[in-house]
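When the letters of the sequence shown are read in order and numbered with my numbering, they come out as residues 619 to 757.
No residue lacks a Cβ here, since even glycine has one placed at the ideal position from N, Cα and C.
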Amino acid sequence: TQGRLVPKDLNTGARWINRSADLGDQRGQYLVGANFMTGEGVDKDPKRGVAILARAGEQGHVQAQYLLGVAYADGNGVTENPAWAARWYGRAARGGHPGAHPAPGPVARRPTRAFGLEHERLGRAELLAEQGFQAILLR
Numbered sequence: 619t620q621g622r623l624v625p626k627d628l629n630t631g632a633r634w635i636n637r638s639a640d641l642g643d644q645r646g647q648y649l650v651g652a653n654f655m656t657g658e659g660v661d662k663d664p665k666r667g668v669a670i671l672a673r674a675g676e677q678g679h680v681q682a683q684y685l686l687g688v689a690y691a692d693g694n695g696v697t698e699n700p701a702w703a704a705r706w707y708g709r710a711a712r713g714g715h716p717g718a719h720p721a722p723g724p725v726a727r728r729p730t731r732a733f734g735l736e737h738e739r740l741g742r743a744e745l746l747a748e749q750g751f752q753a754i755l756l757r
């Protein structure tokens, strides 16, 4: 999709990303799942997004694990479930995600604006702070 060594063509890029996701590539699954969560380039479908992100998360994709924590904390595409949110946040934290916290206990999430995210830059701590994504552990 970036046009390196070939002319930039978003449709062709999207087809290749979808194909990689279909073949089990965790980065492709993350990109496709995140797009379904936000509606970027596709009809918004959080339920489908969570299902695709779960495949990437199970393979160890840290950003997918974090987004799954967000989804379960907020009830976006799934039934709100603090235990599952904590599970996914914990996995993301163990993988080194800067916005996740690996402590046990009920989890709440306080976004300052809608779920919208720039998934290509999500791993940067400054983006998380900029968007106000914070995992807050309640005792």
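On the DSSP letters alone, give me the boundaries of the alpha helix (DSSP H) that residue i sits inside.
i, result
"L671", "664-676"
"N636", "628-640"
"V650", "644-656"
"A711", "700-712"
"D692", "680-692"
Classify residue i as buried or exposed, calling it buried when 16 or more other Cβ atoms lie within 10 Å of its own Cβ.
i, result
"E748", "Summary for E748: the model assigns pLDDT 38, below 50, so the residue's position carries little reliability; its value from the coordinates is reported in the next sentence. E748 is exposed by the Cβ-count criterion."
"G651", "buried"
"A701", "exposed"
"L628", "exposed"
Do residue j and residue i have their beta-carbon atoms positioned less than 8 Å apart in this structure?
i, j, result
"Q667", "R709", "This sequence places Gly at residue 667; Gln is not what is there. No."
"N694", "P664", "yes"
"G659", "A639", "no"
"G687", "Q644", "no"
"V680", "G713", "yes"
Quick one: residues in its chain with C-beta nearer than 8 Å to the C-beta of residue i, no 5 flanking neighbours on either side, listed in chain order?
i, result
"Y684", "W706, Y707, A710, H715, G717, A718, L740"
Excluding five sequence neighbours on each side, which residues of the same chain lie with their C-beta closer than 6 Å to the C-beta of residue i?
i, result
"A682", "Y648, L671, A674, G675"
"A689", "V668, G695, V696"
Within its chain, find whatever has a CB closer than 7 Å to the CB of residue i; leave out the 5 residues flanking it on each side and keep chain order.
i, result
"N699", "Y690"
Indicate whether the contact test is met: 3 or more Cβ pairs, each with one atom in the segment 668-678 and one in the segment 648-657, closer than 8 Å.
yes
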